[in-house]
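Numbering (our numbering), first residue to last: 520 to 857.
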């Protein structure tokens, strides 16, 4: 797609996905608004069968999943680089953890919709059809807001069922809602989990640029017949994510909050990429690393050792920063309820 056409298409997506628009999460063609699929706020029997199938497939893809009651809450704005940090934190243990990520279920839902024809017959709104008739091209993941509520419901069910079986989980989430953050942490506490909170942060301008880049790369791949296109994150969600009272991100504030409040959190880390690091494609810095020696004990700087990374920190409100030699920690990679 030529650059001018791409910019025009981006402007169209912003308009269509704005609050009240035909591609917003509560639009008439959102999957939860289809009376054949949802009735009285609950999925119909046939729709529930599909949601259960997608959840079951996600579990079956992790054959070495272990039941050790361990959890990692992975928080951060869109485009922060959470997947790369997840790989670094887990290392060779990644096959022992089930990743719970609502965005992955957006892809699965849209893949099913394309296959069974409901993407064309129901999900795609008239406003998109009109623009396609005029020559503009859309890809399924650009309409992912229309399956957001269902993807979140599957992720919630997957998390709760995994916890009931003591399975190791990575809860990959923006964590923009303090209510949702406390809900998830309360579930983990009651289930007796050992929890690590890992927050991955970037400035808003870096988040926005990475969102655009992933969207562009996803669409370029789709135009070659690979995948479902690039997921678009509505601009209003980005503004919400970076709307914390202190001027920072809500994920950062909420990750810090649950780390301080919950006795189940055994370790709390913050990785940060500055605008300069992002420009240079440098690795994020481990800024804060705190641990509890015992469940419910105080958070203190993580002791140095073969498994500890050296933090490069700035003080955070309500948390004493970790102290260590300044070296970089190298790494390899919407809805408001997240």
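The C-beta atom is built at its ideal place from N, Cα and C for all residues, glycine as well.
Taking residue 625 as the reference, give the member of 810, 716, 799 and 577 with the closest Cα. 577
Residue 806 (DSSP reduced to helix, strand or coil): strand
Helix or strand or just coil, what does DSSP make of residue 719? strand
Contact check, residue 591 vs residue 679, beta carbons under 8 angstroms: no
To the nearest whole angstrom, what separates the beta carbons of residue 689 and residue 596, a pair I think is in contact under 8 angstroms? About 17 angstroms; that fails the 8 angstroms criterion.
Short of 7 angstroms in beta carbon distance, which residues of its chain neighbour residue 815, apart from the five on each side in sequence? Order them along the chain. 782
Where does residue 609 sit, in a helix, a strand or coil, going by DSSP? helix
Cα-Cα separation between residue 812 and residue 818, rounded to whole angstroms: 8 angstroms
Opposite residue 589 in the DSSP bridges: which residues? 713
Under the rule that 16 or more other beta-carbon atoms within 10 Å means buried, what is residue 582, buried or exposed? exposed
Looking only at its chain, what residues have a beta carbon closer than 6 angstroms to the beta carbon of residue 784, apart from the 5 residues adjacent to it on each side? 714, 716 and 778
Determine the burial state of residue 669: buried for a count of at least 16 other Cβ atoms within 10 Å of its Cβ, exposed for fewer. buried
Specify, as a first and last residue, the run of the beta strand (DSSP E) that residue 617 falls within. 617-619
Taking the alpha-carbon positions, what's the residue 699 to residue 613 distance? 25 angstroms
Could you tell me the boundaries of the alpha helix (DSSP H) in which residue 673 lies? 667-683
Rounded to whole angstroms, what's the CA-CA distance from residue 522 to residue 798? Just pull it up for me. 21 angstroms
Along the chain, where does the alpha helix (DSSP H) that runs through residue 575 open and close? 564-579
If we call anything under 8 angstroms between Cβ atoms a contact, is residue 662 one with residue 789? no
Classify residue 792 as buried or exposed, calling it buried when 16 or more other Cβ atoms lie within 10 Å of its own Cβ. buried
Report the option in 795, 720 and 703 whose CA atom is closest to the CA atom of residue 780. 703
If distances are taken between C-alpha atoms only, which option among 584, 598, 539 and 532 comes closest to residue 722? 598
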